[in-house]
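In what follows, a structure is listed as C-alpha cells, so that the remarks can point back to it.
This is the structure in C-alpha cells:
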C-alpha cells in the first residue's frame, strides 16, 4: 500500500467521523464546527486531486463564509438545542435501515462491476486546475453561466433582505 | 494515484450521512447543514472525475455549485429567521399548520 492510499484512508476516516459527529451532536454549534472540519478535510482531498483553486474556494467560501453565516444565525436565534420531545418513533430505525441498504448496494455495484478504466495519467500537468486554467475556461466556455450566477447571487441577496425585514416599520 | 472507486465510496458515504441528517434531525438549521454536506459530497465526485478524465469542466461545475449553495444558504437562513420570529421555534415538527 503506497503512501497516497494511506493518506486517503486517514483523511477519509476523519471526513466520515466529522460528518457523523455533525449528525449526532445534540448541540447545533458542535454540528456546525464538525461540518467545518469536514469541509477542511474535503479541501485537502481537492488538493490531492489537483484542484488547488477549488480547494482554496472551498476553505474561503464554504468553511469560511457559509459556516460563519450558520454559526451567526444559530447564535442569533439561540437555537443550539431544541426544546420539546422527539416525535420520530419508528422512522429513525427505518431511515438507518435504508441507509445501510443503500451503502451496501452501492458497494456491491462498485465491487462487482467496477468502472471502465479510462486513460489515466498518473499526475496531471501542473497547469491542470491552476487558477489561470480555471479562469480561462470560466471566462471563455462558461461565460454565460458565470454571468447568470451573478444575477442569482443578487436575487439571493435581495431575497434575504426582504425575508428578514421587519414588517412593522 | 488513488483509484476513483475510493472517491466514489467516500462520496457515497458522506452523501448518505447527509440524507440521514435530513431524515432524522428535527432542527431546521442542522437539516440545512446536512444539505450542505450532500452538496459537498457531489462536489468531491465532480473533482475526482475531473481529474480522472482530465476535464476541467468538472472543476468549473464545482465553482457553480458553490455559488448556488451560497445563495441557497442566504435565502434559507433568512427563511429560518423569519419562521423563528413568527413561531418562536425552528423545530420542523411544530411547523404543521397546513396539516389537515
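Chains as they are written, first to last, in the working numbering: chain C, 1 to 169; chain W, 1 to 100. Idealized CB from N, CA, C, for every residue including glycine.
*asked:* So that I know if they touch, is there some Cβ in chain W lying closer than 9 Å to that of residue 10 (chain C)?
replied: For residue 10 (chain C), no CB of chain W lies under 9 Å from its own CB, so it is not counted at the interface with that chain.
*From what residue to what residue does the alpha helix (DSSP H) around residue 131 (chain C) run?*
If you look at residue 131 (chain C), you'll find it in the alpha helix (DSSP H) that goes 131-140.
*Taking DSSP as the reference, what is the three-state secondary structure of residue 40 (chain W)?*
The answer is helix: DSSP assigns residue 40 (chain W) an H, G or I state.
*Within 9 Å (strictly less), CB to CB, does residue 89 (chain C) reach chain W?*
Chain W contact via Cβ: absent.
*Taking any Cβ of chain C, which residues in the region 19-36 of chain W have a Cβ under 8 Å from it, in chain order?*
Contact residues of the region 19-36 of chain W toward chain C are 19, 20, 21, 23, 24, 25, 26, 27, 29, 30, 32, 33, 34 and 36 (C-beta to C-beta distance below 8 Å).
_7 Å Cβ cut-off: residues of chain C touching residue 44 (chain W)_ = Against chain C, the beta carbon of residue 44 (chain W) has neighbours under 7 Å at 42 and 45, listed in chain order.
*alpha helix (DSSP H) segment containing residue 57 (chain C), residue limits*: Per DSSP, residue 57 (chain C) is one residue of the alpha helix (DSSP H) stretching across 52-57.
*Under a CB-based cut-off of 9 Å, is residue 62 (chain C) close to chain W?*
Answer yes: the Cβ-Cβ gap between residue 62 (chain C) and chain W drops below 9 Å somewhere.
*asked:* Please identify the residue among C:88, C:45 and C:68 whose C-alpha is closest to the C-alpha of residue 22 (chain W).
replied: The candidate whose alpha carbon is nearest that of residue 22 (chain W) is C:88.
*Would you tell me roughly how many angstroms separate the C-alpha atoms of residue 27 (chain C) and residue 50 (chain W), rounded to the nearest one?*
Roughly 37 Å between the two C-alpha positions.
*Can you tell me which of the three DSSP states residue 38 (chain C) falls into?*
DSSP places residue 38 (chain C) in helix when its eight states are reduced to three.
*Among W:86, W:93 and W:92, which residue has its Cα nearest to the Cα of residue 163 (chain C)?*
The residue with the shortest Cα to Cα distance from residue 163 (chain C) is W:86.
*Grab the span of the alpha helix (DSSP H) containing residue 9 (chain C) for me, first residue to last.*
Per DSSP, residue 9 (chain C) belongs to the alpha helix (DSSP H) from 3-24.
*Report the three-state DSSP secondary structure of residue 27 (chain C) (helix, strand or coil).*
Three-state DSSP puts residue 27 (chain C) in coil, outside helix and strand.
*asked:* Our contact map puts residue 13 (chain C) next to residue 6 (chain W) with C-beta atoms below 8 Å; I'd like the distance itself, whole angstroms only.
replied: That belief does not hold up - the Cβ atoms of residue 13 (chain C) and residue 6 (chain W) are roughly 12 Å apart, past 8 Å.
*asked:* So, at 7 Å on beta carbons, what are the nonlocal neighbours of residue 140 (chain C) in its own chain, with the 5 sequence-adjacent residues on each side left out?
replied: Within the same chain, residue 140 (chain C) has no close Cβ partners at all.
*Label residue 1 (chain W) either buried or exposed according to how many other C-beta atoms from any shown protein chain fall within 10 Å of its C-beta, with 16 as the threshold for buried.*
Note on residue 1 (chain W): under 16 other CB atoms within 10 angstroms of its CB, so exposed under the neighbour-count rule.
*Can you check whether the CB of residue 137 (chain C) is closer than 9 Å to the CB of residue 43 (chain W)?*
Residue 137 (chain C) sits away from residue 43 (chain W), with the two beta carbons spaced by 9 Å or more.
*Quick one, which residues of the region 135-151 of chain C are near chain W if we go by CB-CB under 7 Å, in chain order?*
Listed in sequence order: 137, 138, 142, 145 and 149.
*asked:* If I follow the unbroken alpha helix (DSSP H) through residue 7 (chain W), where does it start and stop?
replied: In the DSSP annotation of this structure, the continuous segment of the alpha helix (DSSP H) that includes residue 7 (chain W) starts and ends at 4-24.
*If you measure from the beta carbon of residue 132 (chain C) to each beta carbon in chain W, is any gap under 9 Å?*
False, the Cβ-Cβ gap to chain W never drops below 9 Å.
*Alpha carbon to alpha carbon, how far is residue 65 (chain C) from residue 20 (chain W)?*
The alpha-carbon of residue 65 (chain C) is positioned some 25 Å away from that of residue 20 (chain W).
*asked:* Please classify residue 52 (chain W) as buried or exposed, where buried requires at least 16 other C-beta atoms within 10 Å of its C-beta.
replied: Burial call: buried.
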